[in-house]
Each structure stands twice: as structure tokens, then as C-alpha cells.
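Report on one structure; see the data block that follows.
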Ligand code: FES
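Residue numbers (the numbering used here): 1386 to 1498.
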């Protein structure tokens, strides 16, 4: 495991996705209270940034075609996407948000195009 600093917790507004790139991996960060979820920032349907979408009901909705991905599991709950996006472990150390992008926590394959 290799946690990398992403940003300060104070830079994340509640339920407002933010894109960062860590070790060459695009990551969509979403703050829920004092915790942060991290998903691969590439929709599994087509090449589109999930951080451009909106968060509601525990998921982030892709702004291109509307599939919603669960923030905890990365699984899509609506078409057209049918496969999950990778999720990553996060931790907060002294208000620093850190993410481990070395391995997905849900074993989803990394999207490739
Ligand atoms: S690109 Fe995300 S649902 Fe189509």
C-alpha cells in the first residue's frame, strides 16, 4: 500500500466531485461528511470523467449518458454502463486526504481505451 497526498479535506465541498491525478491515475474524490470516497475517474461505458457528474443517493452520475456509480462499491446502478469502476482506499491524516491507487479495493479492472 502506498497512500499519496491528494489534497486538503478543506478543499473538498460536501458531495461535490473533484478530479485529481495520482501516480498517473485519474481519481474522482467525493467528500461525505468527514470521510472521502475515491473512484477511478473514468466511466466504464465510455471515456468520460465521473467528476463532471453530480452526487446523489450515495452515487455519482456520469454526466454523459447518466449511469450512476455507487461511491462505495463502484458498481453501476443504471445503464448504459454495465461494469464497475475501480474504487480506492482513502485515509485522512491531519486533514490531508490520502489515496492508495496502487490497488483497487473492488477488484474492478482499470478502464482502458
Ligand atoms: S460515458 Fe458514462 S454513461 Fe456513457
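Glycine included, each C-beta is placed from N, C-alpha and C at the ideal position.
Checklist entry - Since residue 1411 is in the beta strand (DSSP E), which residue starts that stretch and which ends it? => result Counting from 1 along the chain shown, the entry for residue 1411 is found at position 26. Its beta strand (DSSP E) spans residues 1410-1417.
Item to check | the ligand FES heavy atom lying under 7 angstroms from the CB of residue 1428 | outcome: Sequence index remark: in the chain shown, residue 1428 carries index 43 (1-based). Yes; taking the cut-off as 7 angstroms, the Cβ of residue 1428 has a heavy atom of the ligand FES nearer than that.
Checklist entry - Residue range of the beta strand (DSSP E) that residue 1442 falls in? => result If you number the chain shown from 1, residue 1442 lands on position 57. Premise fails: residue 1442 is in no beta strand (DSSP E) and is neither H nor E.
Checklist entry - Just the Cα atoms here: how many angstroms apart are residue 1460 and residue 1454? => result To locate residue 1460, count along the chain shown from 1; it is residue 75. To locate residue 1454, count along the chain shown from 1; it is residue 69. Cα-Cα distance, rounded: 5 angstroms.
Checklist entry - Out of curiosity, what's the CA-to-CA distance linking residue 1484 and residue 1396? => result Start at 1 with the first residue of the chain shown, and residue 1484 comes out as number 99. Start at 1 with the first residue of the chain shown, and residue 1396 comes out as number 11. CA-CA distance, residue 1484 to residue 1396, rounds to 15 angstroms.
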